[in-house]
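Peer 1: Numbering (the UniProt record's numbering), first residue to last: 1 to 164.
Dumping the structure here so I can ask a few things about it.
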Amino acid sequence: MVRLRVVTTDDWPLWRDARRTALAEAPHAFKSRLADWHRGGEERWRARLEMPDAYHVVALLNGRAVGMAGGMPGDGDGRPPELRSVWVSPEARGHGVGGRLIAAVETWALRTGATALRLAVIPGNAPAITLYERHGFAATREPGDLLADGVTRELVMVKALRRS
Numbered sequence: 001m002v003r004l005r006v007v008t009t010d011d012w013p014l015w016r017d018a019r020r021t022a023l024a025e026a027p028h029a030f031k032s033r034l035a036d037w038h039r040g041g042e043e044r045w046r047a048r049l050e051m052p053d054a055y056h057v058v059a060l061l062n063g064r065a066v067g068m069a070g071g072m073p074g075d076g077d078g079r080p081p082e083l084r085s086v087w088v089s090p091e092a093r094g095h096g097v098g099g100r101l102i103a104a105v106e107t108w109a110l111r112t113g114a115t116a117l118r119l120a121v122i123p124g125n126a127p128a129i130t131l132y133e134r135h136g137f138a139a140t141r142e143p144g145d146l147l148a149d150g151v152t153r154e155l156v157m158v159k160a161l162r163r164s
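Structure (structure tokens):
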């Protein structure tokens, strides 16, 4: 049985291990690289988790991280909160873990008063794009951040949020 755990600053080793595993297992899916996260220590990981109004959740199976997702607050200029760092381990894929992680971040965003949730995905990451579309996200015309190749941009997707 997979359970979700909201991560606090004291859980930084859990978040660190999940993030490193995600970057090693699916380097094609993230703008960040594993090498980027080997620098720094506890302080760097705690700083990520101490970001004001951010939300981080890990999916656990038998005490082991098999998924993760984060929510970052909007920018205050009307840009909605952002779903980030979504990853599900290969053995947990196809069992609804990704959907549960997305739903947890959506619930957090709704609690903050958000009416939309935004994300950026690497173009060509068909499994992720399909997951996001299945959960109500749609591509926008907004240009995403430029990737390392200096040509390709992230695909920006948005979902309108409604209170149930």
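Cβ atoms here follow ideal geometry from the backbone N, Cα and C, with glycine treated the same way.
Quick caveat, the model's predicted, so the values are computed rather than measured.
Going by Cα to Cα distance, which pick from Arg153, Gly136 and Met1 is closest to Leu60?
Peer 2: Closest by alpha carbon: Met1.
Peer 1: For Pro90, count the other beta carbons within 10 Å of its own beta carbon; 16 or more makes it buried, fewer makes it exposed. Which is it?
Peer 2: Label assigned to Pro90: exposed.
Peer 1: When DSSP labels each residue in this structure, what does Val151 get in the three-state scheme?
Peer 2: Here Val151 sits in coil by DSSP.
Peer 1: Measuring CA to CA, which of His135, Pro123, Ala128 and Ala47 is closest to Pro143?
Peer 2: Nearest option by C-alpha distance: Pro123.
Peer 1: Less than 8 Å separating the beta-carbons of Ala69 and Leu14?
Peer 2: Cβ atoms of Ala69 and Leu14: not closer than 8 Å.
Peer 1: What's the call for Ala138, buried or exposed, on a 16-neighbour Cβ count within 10 Å?
Peer 2: Looking at its Cβ environment, which holds fewer than 16 other Cβ atoms inside 10 Å, Ala138 is exposed.
Peer 1: Since I believe Ala128 is in contact with Ala24 (beta carbons under 8 Å), could you give me their beta-carbon distance rounded to a whole number of angstroms?
Peer 2: That pair is no contact at about 17 Å.
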